[in-house]
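Chemist: Below you will find the structure I want to go over with you.
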Amino acid sequence: MKKRSLLFPLLVIITGFIFVARLFFLQIVHHDSNEISLSGSAIKRIYTYPERGFVYDRNGKLLVANEQTYDVKVIPNEVKAFDTIEFCSLLKIDKKYLITKLDRARNYSPWLPSVFLSQLSKEDYAYLQEKIHKYKGFSIQRKSLRKYPHKSAANILGYINEVNEYLAKKNPYYEQGELVGTQGIEKEYEDILRGTKGVSYKLRNRLNKVIGPYKEGIYDTLPQPGEDISLTIDLDLQAYGELLMSNKRGGIVAIEPNTGEILALVTAPSYDPNLMVGRERSKNSVMLFNDSINKPMLDRGLQAAYAPGSPFKLVEGLIGLQENVITPNTGFYCHHGYRYGNKATNFMGCHCGITGRAIDLRLGIAKSCNSYFSNVYKLLLEKYDTSQESLTHWAEHLRSFGLGDFLGYDLPIGTKGFIPSADYYDKVYPRKTWRYTTTISNAIGQGEIVTTPIQLANMIAAIANRGYYFTPHVLKKINGNPIDIEKFTTKKQTTIDAKNFEPVIEGMFDVYQNGTAKHVQIKDIDICGKTGTVQNYIRKNGVKYELADHSIFVAFAPKDNPKIALAIFVENGGFGSTIAAPIASLMIEKYLKGTSTSLKWWEDRIINTSLEAEYKKQLSIQLLEKSQN
Amino acid sequence: MRNHRINLLPHIDWLLVFIYIILICFGWMNIYAASSSENHQEILDFSTRYGKQIIWMGLSVVIAIFLLFIESSFYEKFAAYIYLACMLLLAGLFLVGKNINGATSWYAIGSFSIQPTEFAKTGTVLALARLLNERQFSFKPFINKVKTFVIITVPAILITLQPDPGSALVYVSFILLFYREGLHSNILIIGTLAIVLFVTTLVFGYVYVIAGACIITAIILWYISKVRKKILRFVWPKIIGILTIVSGYIYSVYFLFHYVFQQRHRDRFNILLGLSNDTSDIGYNTYQSIKTIASGGFWGKGYLQGDRTQGKFVPEQDTDYIFSTIGEEWGFWGSALVVILFMSFILRILFLAENQKSKFSRIYGYGVACVFFFHVLINVAMVIGLFPTIGIPLPFFSYGGSSLWGFTMLLFIFIKLDAAKKYEL
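First to last, the sequence lines map onto chains A and B. Residue numbers for the first sequence follow UniProt numbering, beginning at 1 and rising by one. Residue numbers for the second sequence follow UniProt numbering, beginning at 1 and rising by one.
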């Protein structure tokens with residue numbers, strides 16, 4: 001009997017222990033110290049949104065502003081009988097609109113506000129504001145929209161979007177339906193532009209009725225307005241670049257070499273940033289994003305990777321000097337090309353046309369001699385014991401120019417490009433017997449190497465600076481105060497000594513004096529440049545379709561104390577000298593002199609050049625291939 | 001002893017009375033927190049729940065004092081009649097009962113309703129004490145088992161038919177009393193096992209449960225043969241037989257549930273066992289209740305400062321879910337203290353019961369402890385999310401006159417019996 005009387009007390013004690021343990025688990029282990037987030041359902045947050053910061057260009061020209069618009073909202077269950085005739089005439093709507101809109105709002109939710117009429121004009125708003133109290137259930141909500149006084153630079157400015165479920169979950173600052181920068185500087189500098197929303201906490205009961213401030217408002221905060229920013233972009237230069245690129249595809253990147261500031265970042269085709277705002281926004285964005293032929297949402301300056309072509313010879317020469325395989329006076333003969341093997345196909349043609357005398361580095365650059373740089377490449381790849389080791393050194397030099405890297409600029413999109421490594425070739429040629437002959441295309445910037453226009457512009461900035469560059473960036477000032485960001489003020493040294501740049505720069509100078517850009521010289525400005533023409537074809541099912549060459553040009557000016565370095569890439573533009581070179585000269589003159597007058601004929605010609613026919617041809621080939629498959 | 005004016009006061013167990021007073025006062029404070037609103041700040045506003053509860057509390061004190069003055073032998077003599085009266089009251093509900101929230105559990109007298117279910121417990125405990133107190137009572141004869149079974153089954157069935165199955169479950173708790181009074185432990189074990197297997201079969205499906213039963217048996221066998229070094233040769237038929245019966249039981253539970261029961265029955269079980277994701281209704285209660293308790297932290301948010309309580313997020317918060325108010329406003333220390341108080345209260349009753357000289361008083365005391373324990377166990381476990389939702393009140397805390405009076409009667413009859421042992425005989 002004694003044993004039996006123990007069971008019950010034991011059960012009581014065990015139960016008590018389990019309960020206390022469970023309470024401990026719930027109230028102490030699981031207790032969220034952030035009381036507000038935990039009791040979220042009892043406390044309603046009411047937000048006050050600050051105005052988003054404005055954006056200016058480097059000269060203080062307004063690029064992005066805000067516009068106030070007014071939406072009429074309605075909560076169907078709060079609507080009382082009202083004078084519909086007066087209401088309709090105030091809002092300039094007809095009765096049919098009123099009835100259908102009210103029905104739709106009621107279908108959505110009788111208790112929640114729906115938009116009844118969006119984006120009221122200021123005059124209508126003024127009249128309505130005085131009489132809105134007569135219409136129970138209707139209210140006016142102020143809304144701030146982005147406004148772009150100019151049509152330029154959509155790719156840099158980006159756009160804002162409503163916060164989606166994913167972001168709202170990821171970042172506790174945002175709630176679904178709020179606005180957030182999703183592209184361009186709106187995204188990159190979201191934290192600066194948006195400010196901080198103010199919040200007040202209200203206690204509510206289970207019917208959602210607010211029953212008073214939470215803890216007398218001790219957690220409430222005021223909104224912090226967004227800060228204005230100035231960009232390094234020169235609006236005039238940007239707009240001019242966009243004009244020159246009309247009806248073409250490609251990109252222009254212009255950088256100030258001694259700061260790394262991006263002066264212009266043109267992509268073509270682009271779009272009017274105002275398309276991404278307002279009532280038509282969703283229609284427009286579908287149209288822009290679905291355009292898989294022109295790809296207006298692709299920033300070709302940052303995201304399109306192309307073979308760099310002849311401008312690559314500049315670094316090739318620099319590496320040759322640095323590795324001591326050549327001197328500025330080393331000469332090679334050109335026999336309309338360069339033979340690197342016994343087979344008939346082992347021959348790289350050259351158009352420099354200089355025969356019978358040795359070509360030195362300066363002349364090689366000025367005339368873009370393929371043979372010269374093939375020789376340099378041979379020496380470079382045979383300098384060390386193995387091709388692997390030699391190529392590793394070669395690639396290291398290239399990387400020091402920022403090639404094959406995201407560069408770290410302050411825009412949210414980009415591509416790395418590609419600089420092949422020894423490992424890469426070991427994988428392609430598993431027997432590891434590859435030599436300079438196997439990769440000879442690298443000598444002239446074709447083959448495996450691909451770079452983006454901004455990487456080329458940055459490379460030219462490093463050449464202009466004789467050996468270093470600053471991380472390219474678009475942010476110049478915050479609220480009028482120049483930025484001091486270590487990342488953008490740190491000199492990035494290349495692996496090439498300063499003295500080795502002179503012969504290369506002289507060669508680039510000669511390009512304008514008597515080389516491939518002689519026809520677009522500008523008086524009083526010493527421009528150094530380099531043309532590039534990249535062969536381009538589609539090969540599929542064994543059939544090779546020849547397409548027009550890509551036209552490339554890189555340049556900086558003036559020769560001493562350079563102010564601008566730029567890279568231009570025009571898809572299927574033909575020879576570098578016919579399209580890209582004139583654009584470079586026009587851009588440089590525009591930036592340094594403010595206007596561009598000396599090449600009026602070229603300006604008209606470039607603006608009126610349309611490559612649409614070429615692009616159509618390309619498209620038809622692609623479609624043809626598709627139908628064949 | 002008759003006609004002797006004996007002073008009762010020194011014989012009363014003041015510890016129990018003291019805990020009782022603390023519990024009802026603290027209970028009232030929480031009812032006030034859970035049911036007050038901005039518009040009603042007057043404490044003696046009898047149109048509000050907390051105002052009414054004050055009246056119920058005052059009347060319980062009257063009832064308690066009245067019960068203390070009744071001759072203790074009265075309870076033993078009239079136990080059967082009290083039980084019968086309670087059963088008649090329960091049966092009468094089917095004729096003139098008032099339906100509130102889907103259950104015909106109330107008699108309406110004007111604006112005032114009374115729930116006989118709450119008093120039937122007292123009647124049943126008295127009847128059980130009376131039966132088990134019979135000379136040389138033993139559970140061995142089959143007829144005694146039947147008698148005991150009938151006493152607890154009649155009210156359980158009447159209450160289930162109201163329908164108020166939650167309250168009917170209380171009668172299961174008396175198995176602890178029967179065990180104490182000599183019921184063979186096999187019945188307790190088999191009963192527990194049957195319940196566990198029933199529930200697990202519904203939750204996990206019969207395949208897993210049968211497999212689990214086999215594995216557990218195998219482990220036990222391994223333990224017996226290897227660790228305890230016993231030879232198992234002769235018990236094999238027994239083991240196989242038991243396993244077959246258990247498997248048969250499990251499968252028949254499955255079969256009954258899925259092929260014989262109707263959907264409405266299944267729904268009820270599914271909700272009871274938390275198998276149905278009914279978050280909008282019953283799942284919502286538990287979710288809100290757990291969040292509310294967790295938000296209290298260690299020190300709680302302070303009396304009347306619980307924003308979830310003040311926002312009335314937990315349904316039925318002044319009745320079945322009153323414990324969540326304690327959890328939010330008084331935090332871990334407050335709610336743990338209430339748990340400890342209840343457990344001490346029950347242990348005290350058990351301790352006193354064991355020390356009774358009269359068998360009747362001991363059995364009655366044990367029964368009282370069973371009822372309180374069961375209520376606290378089911379209610380608190382439900383509110384803190386350990387048990388499925390079963391709507392029964394937390395003694396002394398939940399709003400409601402009938403339950404407060406019922407528990408007061410149950411307790412004070414025992415206090416009287418306990419006090420009497422010290423001066424009678």
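Think of the CB as a built atom: it goes at the ideal place given N, C-alpha and C, for glycine as much as any other residue. As the structure is a computational prediction, the values presented were derived from the model and not from experiment.
Measure from the alpha carbon of residue 500 of chain A to the alpha carbon of each residue in A:328, A:172, A:376, A:545, then state which is nearest.
Modeler: Numbered from its first residue, the first sequence carries residue 500 of chain A at position 500. For the residues A:328, A:172, A:376, A:545, the minimum Cα distance to residue 500 of chain A belongs to A:328.
Chemist: What are the boundary residues of the alpha helix (DSSP H) that residue 111 of chain B is part of?
Modeler: For the purposes of this step, residue 111 of chain B is identified with residue 111 of the second sequence, where counting begins at 1. It is not in any alpha helix (DSSP H) - residue 111 of chain B carries neither H nor E in the DSSP assignment.
Chemist: Considering only C-alpha positions, which residue in the set A:132, A:57, A:29 is nearest to residue 71 of chain A?
Modeler: In the first sequence, the residue the question calls residue 71 of chain A occupies position 71. The option with the nearest alpha carbon to residue 71 of chain A is A:132.
Chemist: Tell me the start and end of each unbroken beta strand (DSSP E) in the region 64 to 129 of chain B that is at least 3 residues and wholly inside, in chain order.
Modeler: If we require 3 residues or more, the beta strand (DSSP E) runs fully inside the region 64 to 129 of chain B come out as 98 to 100, 103 to 109, 112 to 114.
Chemist: Who are the neighbours of residue 23 of chain A on chain B, taking C-beta pairs under 8 Å?
Modeler: In the first sequence, counting from the first residue as 1, residue 23 of chain A sits at position 23. Those within 8 Å of residue 23 of chain A in chain B are 293, 327, 332, 335, 336, 339, 384.
Chemist: Are residue 349 of chain A and residue 370 of chain A touching if we call contact CB-CB under 9 Å?
Modeler: For the purposes of this step, residue 349 of chain A is taken as residue 349 along the first sequence, with counting starting at 1. For the purposes of this step, residue 370 of chain A is taken as residue 370 along the first sequence, with counting starting at 1. Contact: yes.
Chemist: From residue 187 of chain A to residue 602 of chain A, what does the alpha carbon distance come to, in whole angstroms?
Modeler: For the purposes of this step, residue 187 of chain A is taken as the residue at position 187 of the first sequence. For the purposes of this step, residue 602 of chain A is taken as the residue at position 602 of the first sequence. Rounded to the nearest angstrom, the two C-alpha atoms are 38 Å apart.
Chemist: Would a check of beta-carbon distances place residue 316 of chain B closer than 9 Å to chain A?
Modeler: Walking along the second sequence from the start, residue 316 of chain B turns up at place 316. Not an interface residue.
Chemist: Among the residues of its own chain, which have a CB less than 6 Å from the CB of residue 505 of chain A, if the five just before and after it don't count?
Modeler: In the first sequence, residue 505 of chain A corresponds to position 505, counting from 1. Excluding residues within five positions, the ones whose Cβ falls inside 6 Å are 528.
Chemist: Looking at the structure shown, is residue 230 of chain A part of a helix, part of a strand, or coil, going by DSSP?
Modeler: Here the question's residue 230 of chain A lines up with position 230 in the first sequence. It is a strand residue.
Chemist: Can you name the residues of chain B whose CB is closer than 7 Å to the CB of residue 401 of chain A?
Modeler: Position 401 of the first sequence, counting from 1, holds the residue named residue 401 of chain A. Within chain B, no residue comes near residue 401 of chain A; the closest Cβ sits about 58 Å away, beyond 7 Å.
Chemist: Nearest-angstrom Cα distance between residue 409 of chain A and residue 144 of chain A?
Modeler: For the purposes of this step, residue 409 of chain A is identified with residue 409 of the first sequence, where counting begins at 1. For the purposes of this step, residue 144 of chain A is identified with residue 144 of the first sequence, where counting begins at 1. Rounded to the nearest angstrom, the two C-alpha atoms are 29 Å apart.
Chemist: Which residue comes first and which comes last in the beta strand (DSSP E) that contains residue 68 of chain A?
Modeler: Against the first sequence, residue 68 of chain A aligns to sequence position 68. 62 to 74 is the span of the beta strand (DSSP E), which, as asked, contains residue 68 of chain A.
Chemist: Consider the C-beta atom of residue 449 of chain A and the heavy atoms of the ligand GDP; say whether any pair is separated by less than 8 Å.
Modeler: The ligand GDP is not part of the structure shown, which contains no ligands of any sort.
Chemist: Please give the ranges of any beta strand (DSSP E) in the region 159 to 189 of chain A, keeping only runs that are unbroken, at least 3 residues long and fully inside the region.
Modeler: Taking only runs of at least 3 residues, the beta strand (DSSP E) segments lying wholly in the region 159 to 189 of chain A are 160 to 162, 179 to 181.
Chemist: Which partner residues does residue 473 of chain A have in the DSSP bridge list?
Modeler: By 1-based counting over the first sequence, the position of residue 473 of chain A is 473. Partner(s): A:261.
Chemist: Let me know if residue 433 of chain A comes out buried or exposed under the rule of 16 or more other beta-carbons within 10 Å of its beta-carbon.
Modeler: Numbered from its first residue, the first sequence carries residue 433 of chain A at position 433. By the 10 Å Cβ count, residue 433 of chain A comes out exposed.
Chemist: I'd like the span of the alpha helix (DSSP H) that includes residue 33 of chain B, first residue to last.
Modeler: Numbered from its first residue, the second sequence carries residue 33 of chain B at position 33. First-last of the alpha helix (DSSP H) with residue 33 of chain B: 14 to 35.
Chemist: With a Cβ-Cβ cutoff of 9 Å, do residue 555 of chain A and residue 523 of chain A count as a contact?
Modeler: Taking the first residue of the first sequence as 1, we reach residue 555 of chain A at position 555. Taking the first residue of the first sequence as 1, we reach residue 523 of chain A at position 523. No. Outside cutoff.
Chemist: From A:402, A:596, A:10, A:270, pick the residue whose C-alpha is nearest to that of residue 247 of chain A; which is it?
Modeler: Counting from one through the first sequence, the residue named residue 247 of chain A turns up at place 247. It is A:270 whose Cα lies nearest to the Cα of residue 247 of chain A.
Chemist: Please identify the residue among B:184, B:330, B:290, B:404 whose C-alpha is closest to the C-alpha of residue 381 of chain B.
Modeler: Translated into positions along the second sequence, residue 381 of chain B becomes position 381. Ranking B:184, B:330, B:290, B:404 by Cα distance to residue 381 of chain B puts B:290 first.
Chemist: Less than 7 Å between C-beta atoms, sequence neighbours within five positions excluded: which residues of the same chain meet that for residue 405 of chain A?
Modeler: Here the question's residue 405 of chain A lines up with position 405 in the first sequence. Around residue 405 of chain A: 399, 416.
Chemist: Listing by chain order, which chain A residues have their CB less than 8 Å from the CB of residue 354 of chain B?
Modeler: Mapped onto the second sequence, residue 354 of chain B falls at position 354. Here the neighbours are 5.
Chemist: What does the Cβ neighbour count give for residue 619 of chain A, buried or exposed, with the cut at 16 atoms within 10 Å?
Modeler: Sequence index remark: in the first sequence, residue 619 of chain A carries index 619 (1-based). Exposed: under 16 other Cβ atoms inside 10 Å.
Chemist: Using DSSP with H/G/I as helix, E/B as strand and the rest coil, what is residue 191 of chain A?
Modeler: As a working mapping, residue 191 of chain A is identified with position 191 in the first sequence. Helix, per DSSP.
Chemist: In terms of residues, what are the limits of the beta strand (DSSP E) holding residue 106 of chain A?
Modeler: Looking up residue 106 of chain A in the first sequence gives position 106. Element bounds for residue 106 of chain A: not the beta strand (DSSP E) but the alpha helix (DSSP H), 95 to 108.
Chemist: May I ask you to report which of helix, strand or coil DSSP gives residue 536 of chain A?
Modeler: Here residue 536 of chain A corresponds to residue number 536 of the first sequence, with the count starting at 1. Reduced to three states, the DSSP call for residue 536 of chain A is strand.
Chemist: Which value, in whole angstroms, describes the spacing of the CA atoms of residue 37 of chain A and residue 222 of chain A?
Modeler: Taking the first residue of the first sequence as 1, we reach residue 37 of chain A at position 37. Taking the first residue of the first sequence as 1, we reach residue 222 of chain A at position 222. For residue 37 of chain A, the pLDDT reaches just 41, beneath the cut-off of 50, and the residue's location in the model is therefore unreliable, leaving the point undetermined.
Chemist: Flag this pair as touching only if the region 112 to 122 of chain A and the region 63 to 78 of chain A have three or more C-beta atom pairs under 8 Å; answer yes or no.
Modeler: Taking 8 Å as the limit for Cβ pairs, the verdict is that the region 63 to 78 of chain A does touch the region 112 to 122 of chain A.
Chemist: Could you check whether the Cβ of residue 16 of chain A sits closer than 9 Å to any Cβ belonging to chain B?
Modeler: Within the first sequence, residue 16 of chain A is the residue found at index 16, counting from 1. It does; some Cβ of chain B falls within 9 Å.
Chemist: With a threshold of 8 Å, are at least 3 pairs of Cβ atoms found where one atom belongs to the region 279 to 297 of chain A and the other to the region 488 to 503 of chain A?
Modeler: Judged by Cβ distances under 8 Å, the region 279 to 297 of chain A makes no contact with the region 488 to 503 of chain A, as fewer than three pairs qualify.
Chemist: Between the alpha carbons of residue 12 of chain B and residue 414 of chain B, how many angstroms are there, rounded?
Modeler: Your numbering for residue 12 of chain B matches position 12 in the second sequence. Your numbering for residue 414 of chain B matches position 414 in the second sequence. Whole-angstrom Cα-Cα distance: 10 Å.
Chemist: Between B:224, B:377, B:312, B:304, which lies nearest to residue 239 of chain B when the distance is taken from Cα to Cα?
Modeler: Sequence index remark: in the second sequence, residue 239 of chain B carries index 239 (1-based). For residue 239 of chain B, the nearest C-alpha among the options comes from B:224.
Chemist: According to DSSP, simplified to helix, strand and coil, what is residue 348 of chain A?
Modeler: Position 348 of the first sequence, counted from the start, is the residue given in the question as residue 348 of chain A. Correct three-state label for residue 348 of chain A: strand.
Chemist: Taking the alpha carbon of residue 420 of chain A as the reference point, which residue from A:58, A:442, A:168 has its own alpha carbon closest?
Modeler: Translated into positions along the first sequence, residue 420 of chain A becomes position 420. Looking at the Cα atoms, A:442 is the closest of the given residues.
Chemist: Counting only Cβ-Cβ distances shorter than 9 Å, please list the residues of the region 360 to 373 of chain B near chain A, keeping chain order.
Modeler: Listed in sequence order: 366, 369, 370, 373.
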